[in-house]
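Each remark here refers to the structure printed beneath this line.
There are 2 protein chains.
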Amino acid sequence: MAVVGIDADDTLWHNETYFADAQATFVQILAPWTPEGEDVLALHDATERANLELFGYGIKGFTLSMVETAIEVSRGEVSTSAIAELIRLGKEMLAHPVELLEGVADAVEELGRTHRLVLVTKGDLIHQEQKIARSGLADRFERIEIVSEKDPATYRAILDRMDVSPEQFCMVGNSVKSDVLPVLELGGHAVHVPYAITWSHEVVADHDADAFPVLASLTELAAWLQAPQRSVT
Amino acid sequence: MAVVGIDADDTLWHNETYFADAQATFVQILAPWTPEGEDVLALHDATERANLELFGYGIKGFTLSMVETAIEVSRGEVSTSAIAELIRLGKEMLAHPVELLEGVADAVEELGRTHRLVLVTKGDLIHQEQKIARSGLADRFERIEIVSEKDPATYRAILDRMDVSPEQFCMVGNSVKSDVLPVLELGGHAVHVPYAITWSHEVVADHDADAFPVLASLTELAAWLQAPQRSVT
């Protein structure tokens, strides 16, 4: 393997836990206006899904969808101070410090000694750039690719820019849908490192358990890549 | 000149006029809650500026700033249906068709016959990608660079990736602040093609009128580049 691609959110640093925390706060803020039995999070999820094509991934779209959901759930009765709180919540998420997953800094350094590294992340351009800067890991990567969608075409373009064939590329990340399947489809390699929580929009239907390797942590990847049967360079 | 960089919003296609239209609608929506003598747009402008570091450029941040401003201007009295209207307004802007400036399609084709072309635009990743796709111009460019800020470091990174020196690069765009001055600072060339409206955040203090050339339209650029004193290739 010549090039290793590494996902960022929930692979290098915590992310989904902050969304889960924010959603819990969202439910609390809306509680006074939530009709008995109404599932606020299911509605927010549906709103986000409907807005995804226009808004793309990221916290600004998440926040706009919270405001929309708040008005809808409350039949327009929600207070403007609650809406202002939702916007503050979004801003807190954007300003949140980056917390690396355990062992990640050393793991990336180790991988960089034997492989060309590319960070591949999707989402909001400015927020991803800020998180990469705050992470202190930017210099470890030959390239940083912030993309709007992780599909086979996106990966193909990245591999072309790096002048590497799919057989020489291994992607690692927490999302089967975004980090694993599209790379396998191209004929590349992929390793799944699950995170504690998976965003509902990233959940894929059942897949063959043997279709790709699963590691418990990024810290195991260097050894996995060095295993004799893997060093096809 | 080996490489020509071209800005997108208000250089290839109309943009600022839609913001101006949206702002007029915003003022109307808020009118029932606007105290006598309050300047809604000045407040929105200040809110946007304060949010710029967290939100970056683009319509989602613009929309969130409208909601914040609406709550502030109305002292919390604005109706939730007005807030829902503001979000709809933001979505309409995101879904707006791309309207090329007159002559731009031919001008880009002509420039591409003699120069390597790179599109350099800042803003929201997914929205810029969608506009580029809708414009039908994507194939005319060797590279498309969507960036979060147009400063000298950004331009230097683009020139490095294209393996071209500043003296061999000419940027053209409607913003003196983003398209002209940072490129001149690097030692590159730049041409200003003003648009009818300039976003307040892009206005720069007085600059030397002779510091850079100004053309009335992108359609004049090819001839300008061919002028004998310019063909330093």
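Chains as they are written, first to last, in my numbering: chain U, 76 to 308; chain G, 76 to 308. All C-beta atoms in this analysis are idealised placements derived from N, C-alpha and C, irrespective of residue type, glycine included. Treat the numbers as computed from the prediction; the structure is a model and nothing was measured.
Partner residues on chain U for residue i, Cβ-Cβ distance less than 8 Å
i, result
"I162 of chain G", "L139, V142, E143"
"A170 of chain G", "L129"
"E204 of chain G", "S223"
C-beta contact flag for residue i and residue j at 8 Å
i, j, result
"L169 of chain G", "K135 of chain U", "no"
"V247 of chain U", "V266 of chain U", "yes"
"V321 of chain G", "I158 of chain U", "This structure cannot speak to residue 321 of chain G, because chain G is shown only from 76 to 308."
"V173 of chain G", "R124 of chain G", "no"
"T92 of chain U", "I207 of chain U", "no"
"T109 of chain G", "T144 of chain G", "no"
"L300 of chain U", "C245 of chain U", "yes"
"L87 of chain G", "L175 of chain G", "yes"
"H190 of chain U", "V79 of chain U", "yes"
"M76 of chain U", "Q243 of chain U", "yes"
"F101 of chain G", "L186 of chain G", "no"
Candidates the options: closest to residue i by CA position
i, options, result
"S250 of chain G", "G:D82, G:N126, G:W299, G:L164", "G:D82"
"L261 of chain G", "G:T273, G:T229, G:V183, G:A291", "G:T229"
"K166 of chain G", "U:P172, U:E128, U:I104", "U:E128"
"A232 of chain G", "G:V258, G:A145, G:A213", "G:V258"
"N90 of chain G", "G:F101, G:L194, G:Y270", "G:Y270"
"V160 of chain U", "U:L105, U:D114, U:E174", "The displayed chain sequence assigns Glu, not Val, to residue 160 of chain U. Checked all of U:L105, U:D114, U:E174; the closest Cα to E160 of chain U is U:L105."
"H276 of chain U", "U:K252, U:A291, U:V183", "U:K252"
"I162 of chain G", "U:L256, U:R191, U:F130, U:K197", "U:F130"
"G198 of chain U", "G:S223, G:I207, G:D114, G:E177", "G:S223"
"S149 of chain U", "G:S156, G:D120, G:G151, G:W299", "G:S156"
"D120 of chain U", "U:Q98, U:G112, U:P107", "U:Q98"
"Q203 of chain U", "U:T189, U:L192, U:I221", "U:I221"
"A291 of chain G", "G:R188, G:V78, G:D85", "G:D85"
"D235 of chain U", "G:H171, G:Q243, G:R218", "G:R218"
"A117 of chain G", "G:G133, G:A95, G:V153", "G:A95"
"L212 of chain G", "G:Q243, G:G178, G:E295", "G:G178"
"L293 of chain U", "U:V255, U:A302, U:F137, U:A182", "U:A182"
"V195 of chain G", "G:L164, G:G112, G:H171, G:M237", "G:M237"
"L296 of chain G", "G:D285, G:G151, G:W274, G:H264", "G:H264"
"R215 of chain G", "G:P241, G:Q205, G:A180", "G:A180"
"F287 of chain U", "U:Y132, U:G151, U:V268", "U:V268"
"W274 of chain G", "G:G112, G:D226, G:G133, G:E113", "G:G133"
"F137 of chain G", "G:L256, G:N126, G:S154", "G:N126"
"A298 of chain G", "G:R188, G:E111, G:I146", "G:R188"
Neighbour list for residue i in chain G, Cβ cutoff strictly below 7 Å
i, result
"V258 of chain U", "Near V258 of chain U there are no residues of chain G at all, since even the closest Cβ is about 21 Å away, more than 7 Å."
"S156 of chain U", "G151"
"L136 of chain U", "The displayed chain sequence assigns Gly, not Leu, to residue 136 of chain U. Within 7 Å Cβ-Cβ: K135."
Neighbour list for residue i in chain U, Cβ cutoff strictly below 9 Å
i, result
"S250 of chain G", "Under the 9 Å cutoff, chain U gives no residues; its nearest Cβ is about 18 Å from S250 of chain G."
"A159 of chain G", "V142, E143, I146, E147, G151"
Below-8 Å beta-carbon distance, residue i vs any chain C residue
i, result
"L200 of chain U", "Looking at the structure shown, chain C is missing, and the protein chains on hand are U and G."
**OP:** With 9 Å as the limit, tell me which residues of the segment 206–226 of chain U have their beta carbon closer than that to any beta carbon of chain G; keep them in chain order.
**Re:** I221, V222, S223, E224
**OP:** Quick one: which unbroken alpha helix (DSSP H) runs of 4-plus residues sit fully inside the segment 76–129 of chain G? Chain order, please.
**Re:** 91–105
**OP:** Quick one: which unbroken alpha helix (DSSP H) runs of 4-plus residues sit fully inside the segment 119–202 of chain U? Chain order, please.
**Re:** 134–148, 155–170, 179–189
**OP:** Could you name each continuous alpha helix (DSSP H) segment of 4 residues or more that falls completely within the segment 251–296 of chain U, going from the start of the chain to the end?
**Re:** 256–261
Original post:
Residue ranges of each alpha helix (DSSP H) run of no fewer than 4 residues wholly in the segment 217–243 of chain G, ordered along the chain?
Top reply: 227–237
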